[in-house]
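J.: Right, I'll just put the structure down here and ask away after.
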Amino acid sequence: MVKKSDLKKLNSILQEANEFKNLKEYNKAVEKYFEALTFVEERVKEPEERDDETKNIKSQIDQIYSVEIIDIIDTARDFVDKEDFNSAFSTYDEAARIADKIVDKDMRAYDVNEINYLINKTKIEESLFQGVLVKDRNEFDKAISMLRDTLNAAKEFYMEDLEAELIKKIEKAINGTYS
1 MVKKSDLKKL NSILQEANEF KNLKEYNKAV EKYFEALTFV EERVKEPEER
51 DDETKNIKSQ IDQIYSVEII DIIDTARDFV DKEDFNSAFS TYDEAARIAD
101 KIVDKDMRAY DVNEINYLIN KTKIEESLFQ GVLVKDRNEF DKAISMLRDT
151 LNAAKEFYME DLEAELIKKI EKAINGTYS
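Counting in the working numbering, the sequence shown tops out at residue 179, every number present.
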């Protein structure tokens, strides 16, 4: 059984962690959760109770990482919208590094798959952008070749959804190059 004073201290630490999470100060929130983990390991004597608290805190840490990844992905999408692909890829790498910290296997797999999906989608968007730049320089044969390669990559990527918006953009760019 946990002493009342220990429970009060633990709740105080967890509340601070939640406040940092709400302020999107993820590193400080994670630090507080690790402080709570240490506190539980040192103060909670009952093994079953300690294991339950430890699992709960680790789950909270994973959730913070997942929320942080969502914010980072939003930043990467902003870079893609501005056609700053190098910054987008660097930002996705940052998200992947955070995903590697997630303890829960299913949550980590989901986040890693989502990041990989977005990286591949961004590669296709960058290829489309490069093909259009080549077309704008009046290098039509090279542009058509680049855009066809991009179209093939997009069709492979969107296997089940050949009506995907990105595929239509690529086809439009190819048709515009022939005009």
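Here a beta-carbon is modelled for each residue, glycine too, at the ideal position from N, C-alpha and C. Quick caveat: nothing in here was measured; it's all calculated off a predicted structure.
By Cβ distance, which residues of its chain are closer than 7 Å to D6, with the 5 residues on each side in sequence left out?
T.: Here the set comprises R43.
J.: Tell me which same chain residues have a C-beta within less than 6 Å of the C-beta of K21, skipping the five on either side of it?
T.: Excluding sequence neighbours, K21 sits near A29 and I64.
J.: For L23, which residues in the same chain have their Cβ closer than 7 Å to its Cβ, ignoring the five residues on either side in sequence?
T.: Once the five neighbours on either side are set aside, L23 has no close Cβ partner at all.
J.: Cα-Cα, which of E126, E114 and F157 is closest to E83?
T.: Comparing Cα positions, the closest option is E126.
J.: Starting from K101, follow the alpha helix (DSSP H) in both directions and report where the run begins and ends.
T.: Element bounds for K101: n/a, residue is neither H nor E.
J.: Could you tell me which of Y178, V67 and G176 sits nearest to D25, measuring between CA atoms?
T.: Note that residue 25 corresponds to Glu in the displayed sequence, not to Asp. Ranking the options by Cα distance to E25, first place goes to V67.
J.: Under the rule that 16 or more other beta-carbon atoms within 10 Å means buried, what is K135, buried or exposed?
T.: Burial call: buried.
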